[in-house]
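Colleague: Residue numbers (the UniProt record's numbering), protein chains in the order written: chain A, 1 to 484; chain B, 1 to 484; chain C, 1 to 484; chain D, 1 to 484. Ideal placement from N, C-alpha and C gives every residue a C-beta, glycine not left out.
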């Protein structure tokens, strides 16, 4: 497999509109709201009087659409937008979505959030039969399956294709006659439907984006559902009945915006509950609770409430995205970290601090943060993580690619405590996380995917199974702690 | 007076380094930290082996210094940087600082934060004598006065010039042999000195920038002081003894970073105290306290603590700077406001909310915020402002230029309450503000300038006096309420 | 057929290198030399240690490769470059070549100069079978045919594919193991092989590009030939024996650089002979001969030599590419024409001028030029065109797309003379053109394609036949004059 | 003197309009036509309803004014434009003209082509009195002199100032009420007046720019004249009577466009006569005459005519400005030269070539050209230079700054012949040049400045005299040959 076809794991945001005369502008606003889901690149396809037109590029939404003309040229009654996460490899323009397929008889745009576990084997099979791919991402597989389907209508072709791809996905497709949206059978990736005052529809990754464009929430797209929106209205049908709810728990933990709701659960409230549960599970005697802005502030608030220890603003996050280019010296490199997060000395000095973070991935940032607190005069630092230790990669769309890079897969909690140099370190339990979200009483793991913590994946890993097996065999996983 | 010479009031940030081999890089980091003090443009002058070199431009620091080469070309042992606030007029490259004066015998860089009350009359007098100005800002006057001085040394020339300019200023000048820094006789504008581990010195607007570059705080530059830093070390001398402390209270209220300390007072702590005092002065029966991120979060925390009403995250501020270009429809324009601030519905719905904001200028944002809260289902909204009503313009460097634009100068509190559509509206008292900061027991107004609230300016307004007099005569000021 | 799939006719330049450590840099130089063959966009694929990498974009070579890094990142031992002509439609990034196909097992780059007469029908057939195209240009068809071939080796698959596409083409393909180059069975489009001092090979559109990189001319690629260059050296084989030389005569007339040689004929010398023949066929009594710079200077020199009338520099062409954006008034629009060409008044005033141009397409430029000469005081203007009247479109790769736009297809020579307002107007005869080039004594039309003048196309027009038939039926072609 | 104040010698183009509603657009077109006079930067000041507005930047006119908005924002009834030559030092934005001086009571724009011999001493004197300069160019001195003048009107102030600056200059100044233009007492630098069909006036560097905007030639500005154009029409007055015609001969030799006329002499025709005279003075037995495009084509045509040796197109100049960035190897660097000029092998091979170039400065290009001819198979190369050897610097505005860099100041003709490797080398005589131009029978040197060839400067060199004296003392000038 050539070097270009890697980095298959990505997190993204999608935003589609049908039936509003400001479709492209609304999509532009929507992508701004979903910017946290992907900063590598962005694109919009608009259904204009001259057909589907695309503008896309590498960079933030504000960079790609710097020229107002770039949006107005896409003006029409429907649009589809996408933001893409930055992964190490695969940072090429061809991978920026929506993909736009120009056939001699029609054009189709495709946007995808998620990751397919059988993309590579499907692609190999398709290529062997003569198919040519334009991107290195796995999203394109769906279009080839559609085109090869012998079903009589596009809708049936799409359904046939959706039943062939496995893994986590929220797909949106835009044609000249309809907007299609579908979620995988486990609901790994979120997708919601909203209604505009114009009567048009929005289908996008998070409810926060519905709010941003003034759309009223209609419903979540359920696992295994296909939504079809055209000029006659909205239809929802199941493309499969083999479904099992397993929403990505990391959406609740750190990925989604706090002002979003996923399957009816407020992300902010869920995080507050995680913080409260964490305080009960892992109490500590301290003076103040400080959260790492911005994603851990909700959990810190919860910890403070449950423990009675005062909530404080001990860290300031810069409001400006500093393009930190490579610094000439190590000292300058470390200083540039402080551009993003800086401690409030008057708050921290002489205090015993509970520092709440949402998760530990590589551990780099946590290590630097702890040092900042010590330099600012903290008496004690107690690190509390509002999720269980991340030990296993995700294959459904979150960019946690390899066990090797995960700190908790390579170190015990005691080791990590020493590496961080904190007075104590503790994590939320998996059951605590499940209870805090409170999504389902009946589904396994409360309707969440918690494979990153437990290694128990809700679906077969297919193309990824051999590599994972090999990785795990090389690691000394602290399995006893996992179950604790 | 031609149209170009307007917008004399501006807020800015300055950052100077002497005696460190990474002077330009440190200044670059420092300007990122001071970015909140000015987003119109930025510049750095570096003392390179080939003399003083400048790079500058319109835009954010990250835009002006997008190319790493733009910083490295300024490499040397000293540097001076500046960020400039965006005002309506005067947005021309010539006004971006540091100004660099190239004489046949030497070169001098000048950076200025503040506003001079006699700049226009000085400029007219200088022009009548043949002087030519390259910018339309008032900062350049100082250099002309220096050059016309008959004093034998640059230091004495500078002192003579500093005694001729009036108003609010923090000046920094860089020559090939020294870095000079001076603060006006009232200390309107802040300036602090720090020491680097290399032995070099930093002089900049806020202590947060010292922290960002790892410099140790040495001292605040006191009113009427001139600091001279050269290879033999640092000297501080008084250029005048007619001083009277009157620090700009708006620095504490909203302008400075919460992680900065001004004259020994933590900005964050001062804001917490403002919120606590506000809770005592203006209590209300409610369910949650929500602050407007990010500048009002400290005050909201204080209000919560003093009142016992739970602190909540009811508003989310986007982490991405959205370039919001002109939207085609009014509806889209209003939606684009939500890109910056969005309510957390699950938090707000059905709640009686105390919404804490740091100040009311035009009132536009507050009006939109209140609407967002109502749309999100708030039962009641009680707006609490952690500073007194802004009724008078600032002539010392804060961009509050005209009484006409100030909502509180044109409306009573009751009128404003109705305009906002809130259940109640209340402001912190001036004495409450003074006590909360707690800067000085002896100086008038506790060592603060509170002219924006009281109309009592600590110095003669000179060039601005006639225009202000005329403005005030046209307004019906609610003076009775001011004293309340 | 959607609007995007149009503008299939394009002229381009290709440049491939195998076996030189500066492959990407050489290709960059080569593309500069071929810039006249296409200004819409440019791209280079380099065979780097990490596999095939591409940099491409819309604009001139100097714009696309403004950043030196854009070339150095492609460093390796082989490279393939392309410049693309600007046509009205189809100006999208996806059409910029070389196309880069990333398969799971390998990657292949493709560059094409020419136009296929059966591209659309092939594409429709392929799409019906499930194929997905990434561009709207016809070049991509070849890759799909290759991938669908059942032949055992890539070389044989390529040969099978080459035998399925019809029309004019010079294809180059780069894989990790070899560089392939092929010319259509009629040799419509030129392609030459050169040898570098390093031992490496260059295959490109014109010999001028060989000179630019210091490569020694080896041979022209002959009609129906496939060239394979890999680390074991160069092989040339015929992929078909059904060949018939019909080199595009417009390459000699105006398209190729004067310092190039096509099939051994110097372009400059051929043009000088066209001018001489024109002087014999269409003599006139005049004072000076002026050519339209730069493409008609050779013919003007020839006309001067044969007629004895002094050659003069009566027109100056600007050396700067003026981006002429839309001018607010008609007067300004006409003035902006003079930015490109301006008359030398002292040369023209009071003179009887023979103005030599290489061809008349729409006639717009000629009309404006004649007016410039009259304004500059020319006594008489005799327009002499060094090629026959263009009356029929080209379907083999020159951007003469529709008979409707061709002035000579809609007007008699006498009518054109009156429209131009010249004292006389005359064209070179088709036989004169054939004799002037002097390519072949045996092949029909001397081995040239002269279909634009005669309407007799050397191959079936296939997909284009119906549209051409309809167009011609709507025009009153002055066929009698054509044969004159 | 600090490093920044160098590179005082520059060549430039100026273009002013008064009294036309498309003033800014016309100036934009005019600057395109004058682009050859300066490629470092460009700027336009427009007299808009809101006063004088400026747009300027580093780069070509097409780059600086890439955005149409950049011109339309300057819309009004008058404008002043400038293009600036690229010199090694001083490439800073502050030096890009027109300079725009914003006073509290008015604004004035200034554009300058030329060089002042007493700029430095004037500047030092002015700075000692307190003046501050914004640029490092010498043009700004004039404005300071104007502002210090005690004369009652601007016109008289300007006249006083013009009498204080020495050297070569064509100044244009734009105020809200008039356009001023003045030429130095020797007429070193050209300036012409044209009339638009709208009744407005144009004053610019060359008649070619008049043609480009459709303006009718009115008259040359004579040495010592000041032109004032306002809404009441045009006035011409002498600001001094101490005049002596000494037009820069290099304007005729290579600098001006061939389609311009300077003091009534066609530049193209003058160059043809130089070539003819050169053929008479320095005949040679050869097969073809080839000129170096584009500036030497006129002289080559003259040489051909006078000698009877056929004129040939042996060199092709690329029509595309290749941004040639630093090439990794010496071989690639030399190849990149061929991007600009490439030989026509079929023309050159086996021929004895007379290669005509307009001048020899450093000799680098000539050396490379000769090598190209040899590689292309030339039997003999005879280099003929259509001007005398350049041995002395220019201090009046042409960028020939130092004798050290001038090949002919350091080598005899015989030495140069050997260095070039040509069969013969010969220059036009100074008298031949004077006769060829044919400007004046009465003025010394026929009204030309020929100091670059003879070292006899028409005016005192003032600030430059000491440096020149020292330079010359270090060189072994071949004075005997100079007089030959």
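Could you compute how far the alpha carbon of residue 251 (chain C) sits from the alpha carbon of residue 220 (chain C)?
Modeller: For the purposes of this step, residue 251 (chain C) is identified with residue 251 of the third chain, where counting begins at 1. For the purposes of this step, residue 220 (chain C) is identified with residue 220 of the third chain, where counting begins at 1. Looking at the two C-alpha atoms, the distance is approximately 15 Å.
Colleague: Ignore the nearest five residues each way along the sequence and tell me which others in residue 304 (chain D)'s own chain have a CB closer than 6 Å to its CB.
Modeller: Taking the fourth chain and counting its residues from 1, the one referred to as residue 304 (chain D) is at position 304. Answer for residue 304 (chain D): 289, 311, listed in chain order.
Colleague: So for residue 352 (chain A), helix, strand or coil by DSSP?
Modeller: For the purposes of this step, residue 352 (chain A) is identified with residue 352 of the first chain, where counting begins at 1. Strand at residue 352 (chain A).
Colleague: Taking the DSSP output, what are the residues bridged to residue 194 (chain C)?
Modeller: Position 194 of the third chain holds residue 194 (chain C). According to DSSP, residue 194 (chain C) bridges with C:202, C:217.
Colleague: Classify residue 469 (chain D) as helix, strand or coil using the three-state DSSP reduction.
Modeller: In the fourth chain, the residue the question calls residue 469 (chain D) occupies position 469. Residue state, collapsed to three classes: helix.
Colleague: Does any C-beta atom of chain D lie closer than 9 Å to the C-beta of residue 259 (chain C)?
Modeller: By one-based count along the third chain, residue 259 (chain C) stands at place 259. Answer yes: the Cβ-Cβ gap between residue 259 (chain C) and chain D drops below 9 Å somewhere.
Colleague: Can you grab the Cα-Cα spacing for the pair residue 137 (chain A) / residue 66 (chain B), in whole Å?
Modeller: For the purposes of this step, residue 137 (chain A) is taken as the residue at position 137 of the first chain. For the purposes of this step, residue 66 (chain B) is taken as the residue at position 66 of the second chain. Cα to Cα, residue 137 (chain A) sits roughly 29 Å from residue 66 (chain B).
Colleague: Using 8 Å for Cβ pairs, my map puts residue 386 (chain D) next to residue 472 (chain D). What's the rounded Cβ distance?
Modeller: Along the fourth chain, one-based indexing puts residue 386 (chain D) at 386. Along the fourth chain, one-based indexing puts residue 472 (chain D) at 472. With a Cβ gap of about 26 Å, residue 386 (chain D) and residue 472 (chain D) do not count as contacting.
Colleague: So who's on the other strand from residue 112 (chain B), going by DSSP bridges?
Modeller: By 1-based counting over the second chain, the position of residue 112 (chain B) is 112. DSSP lists B:171 as partners of residue 112 (chain B).
Colleague: What's the C-alpha gap between residue 187 (chain D) and residue 246 (chain D)?
Modeller: Indexing the fourth chain from 1 puts residue 187 (chain D) at position 187. Indexing the fourth chain from 1 puts residue 246 (chain D) at position 246. If I take the Cα positions, the gap works out to 6 Å.
Colleague: 9 Å is my cut-off, CB to CB: does residue 36 (chain D) come that close to chain C?
Modeller: As a position in the fourth chain, residue 36 (chain D) is number 36, starting the count at 1. Chain C contact via Cβ: present.
Colleague: Who are residue 449 (chain D)'s beta bridge partners in DSSP?
Modeller: As a working mapping, residue 449 (chain D) is identified with position 449 in the fourth chain. DSSP, once it has assigned bridges, lists D:248 as partnering residue 449 (chain D).
Colleague: Suppose you measure from the CA of residue 306 (chain D) to the CA of residue 297 (chain D); what does that come to, to the nearest Å?
Modeller: Here residue 306 (chain D) corresponds to residue number 306 of the fourth chain, with the count starting at 1. Here residue 297 (chain D) corresponds to residue number 297 of the fourth chain, with the count starting at 1. Each residue's Cα considered, the two are about 14 Å apart.
Colleague: List, in chain order, every chain A residue whose beta-carbon is nearer than 9 Å to that of residue 338 (chain B).
Modeller: In the second chain, residue 338 (chain B) corresponds to position 338, counting from 1. Residues of chain A passing the Cβ test: 29, 33, 211, 212, 213, 214.
Colleague: If you run the structure through DSSP and keep just helix, strand and coil, what is residue 442 (chain D)?
Modeller: In the fourth chain, residue 442 (chain D) corresponds to position 442, counting from 1. Residue 442 (chain D): coil per DSSP, three-state reduction.
Colleague: Give me the Cα-Cα distance between residue 199 (chain B) and residue 19 (chain B), rounded to the nearest whole angstrom.
Modeller: The sequence position of residue 199 (chain B) within the second chain is 199, counting from 1. The sequence position of residue 19 (chain B) within the second chain is 19, counting from 1. Each residue's Cα considered, the two are about 7 Å apart.
Colleague: Between the segment 299-322 of chain B and chain A, which residues of the former have a C-beta closer than 8 Å to a C-beta of the latter?
Modeller: Listed in sequence order: 301, 305, 310, 311, 312, 313, 316, 317, 318, 319, 320, 321, 322.
Colleague: What does a CB cutoff of less than 6 Å around residue 261 (chain B) pick up in its chain, not counting 5 residues either side in sequence?
Modeller: Mapped onto the second chain, residue 261 (chain B) falls at position 261. Correct list, in chain order: 207.
Colleague: For residue 61 (chain A) versus residue 24 (chain A), is the C-beta spacing smaller than 9 Å?
Modeller: Here residue 61 (chain A) is taken as the residue at index 61 of the first chain, counted from 1. Here residue 24 (chain A) is taken as the residue at index 24 of the first chain, counted from 1. Not closer than 9 Å, so no.
Colleague: What residue from D:111, D:177, D:150, D:464 has the CA that sits closest to residue 42 (chain D)'s CA?
Modeller: Working through the fourth chain from its first residue, we reach residue 42 (chain D) at position 42. Closest option to residue 42 (chain D), Cα to Cα, is D:111.
Colleague: Could you list which residues in chain C have their beta carbon closer than 8 Å to that of residue 73 (chain A), in chain order?
Modeller: If you number the first chain from 1, residue 73 (chain A) lands on position 73. What residue 73 (chain A) touches in chain C: nothing, since even the nearest Cβ is about 12 Å away.
Colleague: In chain order, what residues of the same chain lie with their CB nearer than 8 Å to the CB of residue 347 (chain A), ignoring the 5 residues before and after it?
Modeller: On the first chain, position 347 is the one that residue 347 (chain A) refers to. The residues are 288, 290, 312, 313, 314.
Colleague: Residue 183 (chain A): which of A:266, A:397, A:357 sits nearest, CA to CA?
Modeller: As a position in the first chain, residue 183 (chain A) is number 183, starting the count at 1. The shortest C-alpha separation from residue 183 (chain A) is found at A:397.
Colleague: Looking only at DSSP bridge pairs, what is residue 317 (chain A) linked to?
Modeller: For the purposes of this step, residue 317 (chain A) is taken as residue 317 along the first chain, with counting starting at 1. Answer by DSSP bridge pairing, in chain order: A:341.
Colleague: Give me the Cβ distance between residue 378 (chain C) and residue 390 (chain C), rounded to the nearest whole Å; I'm assuming they're in contact under 8 Å.
Modeller: Here residue 378 (chain C) refers to the residue found at position 378 of the third chain. Here residue 390 (chain C) refers to the residue found at position 390 of the third chain. The Cβ separation is near 25 Å, so there is no contact.
Colleague: Is the shortest distance between the beta-carbon of residue 133 (chain C) and the beta-carbons of chain A less than 9 Å?
Modeller: Looking up residue 133 (chain C) in the third chain gives position 133. It does: the Cβ of residue 133 (chain C) has a partner Cβ on chain A nearer than 9 Å.
Colleague: Kindly indicate which three-state DSSP category residue 382 (chain D) falls into: helix, strand or coil?
Modeller: On the fourth chain, residue 382 (chain D) is found 382 positions in, with the first residue counted as 1. Strand, per DSSP.
Colleague: When the distance is taken between beta carbons, is residue 17 (chain A) closer than 9 Å to residue 27 (chain A)?
Modeller: Start at 1 with the first residue of the first chain, and residue 27 (chain A) comes out as number 27. Start at 1 with the first residue of the first chain, and residue 17 (chain A) comes out as number 17. Contact: yes.
Colleague: By the DSSP assignment, the beta strand (DSSP E) with residue 424 (chain B) in it spans what residues?
Modeller: For the purposes of this step, residue 424 (chain B) is taken as residue 424 along the second chain, with counting starting at 1. Taken as a continuous stretch (DSSP letters only), the beta strand (DSSP E) holding residue 424 (chain B) covers 424-427.
Colleague: Cα-Cα, which of B:120, B:37, B:82, B:83 is closest to residue 461 (chain B)?
Modeller: Taking the first residue of the second chain as position 1, residue 461 (chain B) is located at position 461. Residue B:120 is the option with its Cα nearest to residue 461 (chain B).
Colleague: For residue 434 (chain D), name the three-state secondary structure that DSSP assigns.
Modeller: Taking the fourth chain and counting its residues from 1, the one referred to as residue 434 (chain D) is at position 434. Correct three-state label for residue 434 (chain D): helix.
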